[in-house]
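Chains A and B supply the protein sequences, listed in that same order.
Residue 1207 is where the first sequence starts when you use this note's numbering, and the numbers rise one by one after that.
Residue 924 is where the second sequence starts when you use this note's numbering, and the numbers rise one by one after that.
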Amino acid sequence: MTIRTALPTTGRVMHARILALALAAGLLVACNDVNAPNLNSPSQNDYATITDRGQVQNLVTGIIAGDRGTIGGEITFGEIMGRDLYELTSAEPRYVTNLLGPVGTGIDPSGFIGRGVWPYGTIKLTEIGLAGVAAAGPGVLSDAEKSATEGVIQTLKALEYMRVVEMRDTAGAPISLDTGGVVAPPVHCKPDILNLIAAVLDSGAAELAAGGSSFPFELPAGFADFSTPQTFLTFNRGLAAKADIYRAYINYAANKSIDQVALDSALVEVNASYLNATDPTKLNIGPAHTYSTSTGDALNGLFADSSSTTERANPRVVTEADPGDKRVARDVAVSSVMTGGQASGAPVSSPYIYLVYSSPTTPQPILPNKELILMKAEILWGQGQLPQALALSNFVRVNDGGLSPVSISDPDSLLTEILKQKRYSLLYLSADRWIDARMFGRLDGEPPAGIGLERGFQPITNIPIPSTEVDAHGGKIDLVCTTAS
Amino acid sequence: MRHSSALVWAMALLAAGGSSALAQQRSITGTVTSVTTGDPVAAAQIRIQGTTNGALTDASGRFTLQNAPTDSITLVVRRIGFRQIAVGVPANQTTVTVGLQPDILRLQEQVITGQAVTVARQNLANDVATVTTQQINRTSTPTIENALQGKVAGATITANSGAPGGGMQIRIRGATSIFGNSQPLYVIDGVPVSNRTIESGLNAVSGASGGMDASSQDNAPNRIADLNPSDIQSIDILKGSSAAAVYGAEAANGVVIITTKHGQPGAVHFHLTQRLGTYADENKLGFRHFTLGEAYDYAKSGTSKETMDSADVLANYNACHGYCDMEQQLFGHHGLSYQTALSASGGSANTRVFASGLLQHDNGIMQNTGYDKQSLRLNGQQNLGSRLTVQIHTNLIHSLTKRGISNNDNVNVTPYFVIGQTPSFFNFQPDQNGVYPDNPFAHSNALQTVNFVQTPEDVFRLQGATSANYNVFTTDKQNLTATLDAGIDHYTQKDNIYSPPFLEFEPADGFAGTATDQSAVVTDATAAFTLKHEYTASPNGLSATTTAGVRRGYDSFDRTNTVARGLLPGQNNVNQGAATSVFQDQELTKTLSVFAGEDILLLDQRLFVSGGILGERTTNDADVNKFFWYPKASASLRFPNLAPWLNQFKIRAAFGETGNQPLYGNKFTPFNTVNYGGVTGVQIGGTVADLDLHPEREVEIEGGFDVAVWNSRLSLSATAYQKNNKELLMHQTLAPSTGYGVRIFNGGEIRNRGIEATLTALPITGHGINWTTRLTFARNHGVVTSLPVPAFTVNAFSNDFGNGFIEVGSSPTQIVGTDTAAARGFRRYGDTQPTFDLGFSNDITVGGFRLYGLLDWRPGASVVNLSQLIFDGAGLSPDADGEAARLAALGNTAPYIQDASFLKLREVTLSYQLPASLLQGLLGGYADQASLEISGRNLFTWTPYKGLDPEVSNFGNQNVIRSQDVAPYPPSRSFFAGINVDF
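Here it is as structure tokens:
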């Protein structure tokens, strides 16, 4: 207690005390930034403006990986509905009961099929990427690099919308909005979606054309032939041709009408693609997804060990083939009979397995040249250029199927022939058989024109809109249509 | 900087009149005694009113006060446990005798209500529950939370399992959140500390939640368990916003304020507690008994995955005479447990030191489990001159917890999963060569698993809290102090789970053997600066306390977990695995708070009015620059001695707001990463954060009265409250076409209303007999009053078993289950929250003997008994009829949601204080006091619940889906004998 008397409280000491206190308080508030980054994963905000070229790589890789995660579902669902495939696993009877089930009530919109092929996460990513690239400073990306990147992202965005409309058809599809997730985007009618796809592809083509000679990122190995803006543009044009074919034949099933303007565009586009109808060794060129066993990378989910696979070829694939078709011998083999769908009371069975995916790293073609050739045949057929169409069809028939060419003059029979070549050349590689049959009004009826009843049911016309989507619209979807029909 | 400049101005104004005059001096000596016993009172504080000049009494109650002014002065004498008294000393008088009245109701005890703010209990306007060191340490306790069960009206404290080393949920005044933090804030010696639950990573072995990383089903303890209960002086529990507003957006679940012991001036005193005892299994489920014929049939039936041939059945059957009591073999481990607690306390007027050490070992009732804790504490207080007092609290803790395997699993590894699927005639015991038999029924030998799986969890923890208290100036009416509180809580938790490759179940995931190496580092740091101005008009007149301050918090967390599978024999290095997975999880939250408050005592200190506000911003808000403001206001009015029998009557009311900040990471809209051909890509993560994400807000009002009658031999405190938790953290299921699955935003409201009462009575006192009885009662009713999204399920496992369901008009903690007859196909079956909580304790002293007991009664809660489902599914429950009925009902109703009301005999202690003569004879005058005790915890449970223990939670601490019983670590009761010596 003596210290107190030794330190009388003079004004100067008081000042010193106040200063010390102020200093203590000041130190506490001085470094008052409480901000901290996300330490566990990148934040989407970090990509609002691209500040690092590495981010461009991450975005493009992520978008392509998104498509790699979607394509398998489209092929599996489409090929089951298109009478090429059975999935007979006892763990999941809905591959039979839903996809081979009654039209209209077949597919549960809340199940994994109803929720499947709905790549809006990837579509959202393309939008984040487009905005981020557009906002990038000139020190990060040159104008040409921006264009090249945007061209790739636009093309992939259109590809995702194309997968949605192929599966949902007239049920429509939402067009993504930037609402922070709060509002469910409006669901547009099929013509709106096709127009959107065509517009996005055209915009992407313009960007690619202005994109200089190289990309500021690397594409996966399966895009090796499409790794410059000029070559990627040929992929863009192939997709554009596909979209314009869908537009040209949009009313064909209903009233046999053909939009010749769209068909003319499609012809220009397919010719601007990597189409090669002269070199028989180039039937399979085109971008493909690749897989690896490296940690974290993906395997091709369509591969299944041949000794135990529950993924079976629909016996129609064998019985409806032309005798001697090498594609059947190449892609299908006989194994023990497997039966599935017993629980439904109408089981299906097949002794055939597919050999298309021989290993878990077998690449997955996205748009092979043989598809382009047959797309061009579909275009020419619609333009009345029947001999030219037949020639293209025969080119695939001879070079891929090992069959002798056929001579057909009747338009309907020619279309049947073109679609048959498409079926066998793209066996278990694409959902085109089901999509084409729907487009040309051939879902009903037995072959050769139709694709046939299964378990007594007609083919499903489309996968429904997912129930979560419907719920977010208050239980009922009102289709928005801005295209005059 | 604008805050600090405001503070400087405030200080400058207050300091203006702050110089004190010096005069001639005298020396005053005196003694302080208790008026009831006449014994001297040591460590009483004597202070000359209006100055910082003071002294302390020594062991014989004497004090000397130097440098007292020669004119008439007033001495203020204070001592914990006695009522404060003011004694006038006329000029020239140099000796004084002071008699202190015992403070039975602890009315003058100072209760901590905020940063550097205390209020005398007699004026307190909130119902703050205080638990003293005696109440905590009367019975041997494994962790601090065990010691609070049944003692705090309004706090439902429930164990998650019987595993050694803690793991309990404290729910104060109902569930306040759905997706936010569910736990109260813990503050030790002025500094918030971490009560994190860091999952052990057991999931890598159990596969309970899929994946390889740690999961909420790992049965991890929350880390407040590290604290040494015998270090605690008192615990104040701020139950809601009206009391806890100063803790801002961490306080919506209440605040548990722990004050550790301080040194007492005088010669060094030692206190030694030595306890020896054991934990023993409290309850068994029992198995179906088989006749030999039934055993043959069972082994052949389709219930088992593999048939056992007749010779094998016979050999097994004979080995345990038809009934192998696997629960006894697995959970009948009775190792020796001990607690050795030694503390020393001493000091002088300027220096006080408290030091303690603890060695604790709790045996686990399951082989290969247990809990070891060592704790060292050093608390010091030093006066540096007359104005500056520095306190330091340090605690160094090491604990090693082995909790074994329990809870849900998907590969048949948890003991109850295995024995629930294995008929009781199967013998798990190894043969004479030590070879464990393969179990053809569950493909897992539980005894082998328990004996060889290692689950060590090592924690090294350092807690330090320093406090510097500086008296800026003192006059006879004014006092300005500045306080700097700073502290750190730093620990590492290391988990190394090892499941050797030779175990029968091990190739379950295709790889034999699993080893994990997990390290978690937690650093929580806080610094707070507070200015407090006290104005006292006259000793019992108006007084006003003004505080203002600023606080910063820094919480960081970094966990890495490496899981290796496919091990070489004998190798548990994660580098040696055939497949390795690495996980990391990090958090960093910074907080800045500014606060101000005013406490005013009026009307002879009978009216107390208090108000305050806190502004806070944190890392976890979307807008880190926005302050969220939390106000509070309260008032109490007391009427002393209204009638000869009515000693105290106080009415009180309080209002306050707090928050519950978003969890770390909620505000980010994350990308996932993906690998494509060795190149990393980003993908949409599934959740999208609202751009305005901010803390949940709790608004609470409470009111009540405190009354003491008949010489304070009976006192009652009653409180009613309403809490509205608004702007809850909410998950909205989105249209998938937005690109996202879930949006995290604020919305919805839960309302909790309840009443609490605490009754304390001294039915007999005097003549060598003292009987204290205490009853605490609390009833809470919670209801969801609004939801911005459709009603939704909080999924535990399945509606067939029992899930949470959040809907307007129902309790947030309700349990719903399937009912095919109900319109929606499901309905409410029960609630995880009991109808009420009632604690009842009695403490009877007769001569040197003391008998104490505590009952904890909680009717009306339900538990989802999936352990029973395991037995039922295998046809192995002891009640065949019940089993058949439950299985038949499953899918149509939810037969496993079961009544889990209980009454537990929590604590019993019988102690004997050795008389002085015996003490002299035995310890030869070296000891001041000594007592012997025997105690038990959780000795009996009365419950209709058919599971192991109605206190259970497979998912640990949860807002909604508590009370899922899935093959838990079974409960135990403990018995200890001990000796306490003061010397």
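C-beta: ideal position from N, C-alpha, C; glycine also.
Residue i bridges to which residues according to DSSP?
| i | result |
| --- | --- |
| B/Y1458 | B/Q1401, B/A1467 |
| B/Q1606 | B/N1595 |
| A/E1675 | Its beta-bridge partners do not exist; DSSP assigns none. |
| A/V1540 | A/Y1558 |
| B/A1048 | B/A1048 is not bridged to any residue. |
| A/K1576 | DSSP output for A/K1576 lists no bridge partner at all. |
| B/V1831 | B/G1776, B/G1859 |
Helix, strand or coil, according to DSSP, for residue i in the structure here?
| i | result |
| --- | --- |
| B/S1298 | strand |
| B/Q1843 | helix |
| A/R1369 | helix |
| B/N1239 | helix |
| B/D1136 | coil |
| B/F1375 | helix |
| A/Y1452 | helix |
| B/V931 | Residue placement at B/V931 is flagged as unreliable, the pLDDT there being 41, under the threshold of 50; the coordinate-derived value follows with that caveat. Helix, per DSSP. |
| B/F1628 | strand |
| B/V1707 | strand |
Given this structure, state the Cα-to-Cα distance separating residue i from residue j, to the nearest angstrom.
| i | j | result |
| --- | --- | --- |
| A/N1241 | B/D1418 | 31 Å |
| B/A1405 | B/R1096 | 34 Å |
| B/N1402 | B/Q1881 | 46 Å |
| A/G1386 | B/V1611 | 7 Å |
| B/W1633 | B/T1708 | 44 Å |
| B/L1682 | B/S1640 | 6 Å |
| A/I1359 | B/I1624 | 56 Å |
| B/I1902 | B/V1831 | 16 Å |
| A/A1430 | A/T1496 | 11 Å |
| B/F1383 | B/S1322 | 7 Å |
| B/L1537 | B/G1670 | 23 Å |
| B/T1503 | B/A1890 | 28 Å |
| B/T911 | B/V1786 | The shown model of chain B, from 924 to 1906, leaves out residue 911 of chain B, and the question about it has no answer. |
Are any of the Cβ atoms in chain B nearer than 7 Å to that of residue i?
| i | result |
| --- | --- |
| A/D1503 | yes |
| A/V1240 | yes |
| A/K1352 | no |
| A/G1268 | yes |
| A/Q1570 | no |
| A/Y1326 | yes |
| A/A1468 | no |
| A/S1249 | yes |
Report yes or no: is there a C-beta of chain A within less than 7 Å of the C-beta of residue i?
| i | result |
| --- | --- |
| B/L1616 | no |
| B/N1598 | yes |
| B/A1807 | no |
| B/P1593 | yes |
| B/A1365 | no |
| B/V964 | no |
| B/L1657 | yes |
*Counting pairs of Cβ atoms below 8 Å between the segment 1399-1411 of chain A and the segment 1666-1675 of chain A, do you hit three or more?*
no
*Say whether the segment 1269-1287 of chain A touches the segment 1434-1444 of chain A, bearing in mind that this needs 3 or more beta-carbon pairs closer than 8 Å, one atom from each stretch.*
no
*Touching or not, the segment 1520-1538 of chain B and the segment 1457-1474 of chain B, by the rule of three or more beta carbon pairs under 8 Å?*
Enough Cβ pairs lie closer than 8 Å, so yes.
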